[in-house]
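Encoded as structure tokens, the structure appears first; notes follow it.
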Amino acid sequence: MLVEIHDGWCRSHIGARSLAIKVTRVDYYWPTLVKDSVAYVKRCDACQRLGNSPQFPTSTLTPVVSLIPFAMWGIDLVGKLPNAKGGVEFAIVGVDYFSKWIETAPLKKTKGENVTHFLWKNILTRFGIPKILVYDNAPQLEGQILADFCEKFGIEHRFALIYYPQSNGQVEVMNHIIFKGIKKNLLQSGKRGGNWVEELPTVLWSFRYTPNQPIGEAPFSLVYGTEAILGPGTYELEDLEGKPIPRTWHASKLSKYYV
Numbered sequence: 035m036l037v038e039i040h041d042g043w044c045r046s047h048i049g050a051r052s053l054a055i056k057v058t059r060v061d062y063y064w065p066t067l068v069k070d071s072v073a074y075v076k077r078c079d080a081c082q083r084l085g086n087s088p089q090f091p092t093s094t095l096t097p098v099v100s101l102i103p104f105a106m107w108g109i110d111l112v113g114k115l116p117n118a119k120g121g122v123e124f125a126i127v128g129v130d131y132f133s134k135w136i137e138t139a140p141l142k143k144t145k146g147e148n149v150t151h152f153l154w155k156n157i158l159t160r161f162g163i164p165k166i167l168v169y170d171n172a173p174q175l176e177g178q179i180l181a182d183f184c185e186k187f188g189i190e191h192r193f194a195l196i197y198y199p200q201s202n203g204q205v206e207v208m209n210h211i212i213f214k215g216i217k218k219n220l221l222q223s224g225k226r227g228g229n230w231v232e233e234l235p236t237v238l239w240s241f242r243y244t245p246n247q248p249i250g251e252a253p254f255s256l257v258y259g260t261e262a263i264l265g266p267g268t269y270e271l272e273d274l275e276g277k278p279i280p281r282t283w284h285a286s287k288l289s290k291y292y293v
């Protein structure tokens, strides 16, 4: 089960804690689940090569809070990336500050028209008109085209600090998660960097259905109010001979009685 969730079809090489949480979300639990998850991630070559290093801010962070879904989005441009099919070398990322839901799209060019097209197609027509957009001072984002777009729909636009672009923290974090996940998938599969566009849907799929810390809920659950259907059925526990184990305990019961 750990292999399928971490390295399978919907892989994104998540960390040990998220891996354990995903197992419990499909109603399975065993006493050494967390220990096994940590050990498995430590054995993953891609995770060890491209894993996160602890970094601490030089000053106190001030959280940016959104109280309702889709009222506040952060957007950012990423690139240049390895040249992909069709000459795609950039990506645009949008993150909802409340649910941490991610929208992203590959771009061939980063003109103002490309940015507003993404906002219209991926955000406004799907989630409604946001109250606030947060973005940095990149020329494509501070141009008149985007300003006119925001004025047309009554959207307040806020700039991240020019001397500290990480003040648009939600998007910076998600950029790191998305493209680190893509690198791990490419490393595991042996594909070239130009295949990052093909891996993008898989990484997004995995992130949207993975509970976030410290909220403990997946973006999908916060957005749609229900758990995602991740497959046609559930796993059956087997013994060492491959035979199904009868009368397996439900996860909540096992965790309740195990000391």
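Numbering (this note's numbering), first residue to last: 35 to 293.
Cβ coordinates follow ideal geometry from the N, Cα and C atoms, glycine included.
Just so it is clear, the structure is predicted and the values come from calculations on it, not from any experiment.
- Boundaries of the alpha helix (DSSP H) harbouring GLU233: 230-242, taken from the DSSP string.
- In the pairwise beta carbon analysis, the stretch 124-136 is classified as touching the stretch 236-244: at least three pairs are separated by under 8 Å.
- THR66 carries a coil assignment under DSSP once its states are collapsed to helix, strand and coil.
- Membership of ASP182 in the alpha helix (DSSP H) is indicated by the continuous run 178-187.
- Residues of the same chain with a CB within less than 6 Å of the CB of SER52, apart from the 5 flanking positions on each side, are THR244 in chain order.
- Only residues of its own chain outside the window of five on either side were considered, and among them LEU111, VAL112, GLY113, LYS114, LEU115, PRO140, LEU141, LYS142, LYS143, THR144 have a CB closer than 8 Å to the CB of PHE124, listed in chain order.
- By the Cβ-count criterion, ASN209 is buried, with 16 or more other Cβ atoms from all chains shown falling within 10 Å of its own Cβ.
- A check of alpha carbon separations from ASP170 across ILE157, ILE126, TRP154 identifies ILE126 as the nearest.
- For ASP110, DSSP records a beta bridge to VAL127.
- One thing to note: SER100 has its Cβ no nearer than 7 Å to the Cβ of PHE152.
- A residue is called buried when at least 16 other Cβ atoms come within 10 angstroms of its Cβ; LYS76 does not meet this threshold and is exposed.
- Within the DSSP bridge table, the entry for THR150 names no partner.
- Within its own chain, the residues whose Cβ lies closer than 6 Å to the Cβ of GLU190, once the five positions on either side in sequence are excluded, are ILE166, listed in chain order.
- Exclusion of the five residues before and after GLU251 leaves PRO245 as the residues of its chain whose Cβ lies within less than 8 Å of its Cβ.
- Judged by their CB atoms, VAL168 and ARG192 are nearer to each other than the 7 Å cut-off.
- Taking C-beta atoms as the reference points, PHE161 and PHE104 count as a pair closer than 7 Å.
- The Cβ neighbour count for GLY224, taken over all protein chains shown within 10 Å, is under 16; the residue is labelled exposed.
- At the C-beta level, GLY128 and LEU180 stay beyond 7 Å of one another.
- ILE102 is classed as exposed because its beta carbon has fewer than 16 other beta carbons within 10 Å across all chains shown.
- For PRO164, the number of other beta carbons within 10 angstroms of its own is at least 16, and it is reported as buried.
- Between the alpha carbons of ILE157 and GLY108 lies a distance of about 11 Å.
- Just so you know, the alpha carbons of TYR74 and GLY121 end up roughly 37 Å apart.
- The three-state reading of DSSP puts THR144 in coil, since its state is none of H, G, I, E or B.
- It is roughly 21 Å from the alpha-carbon of PRO235 to the alpha-carbon of THR150.
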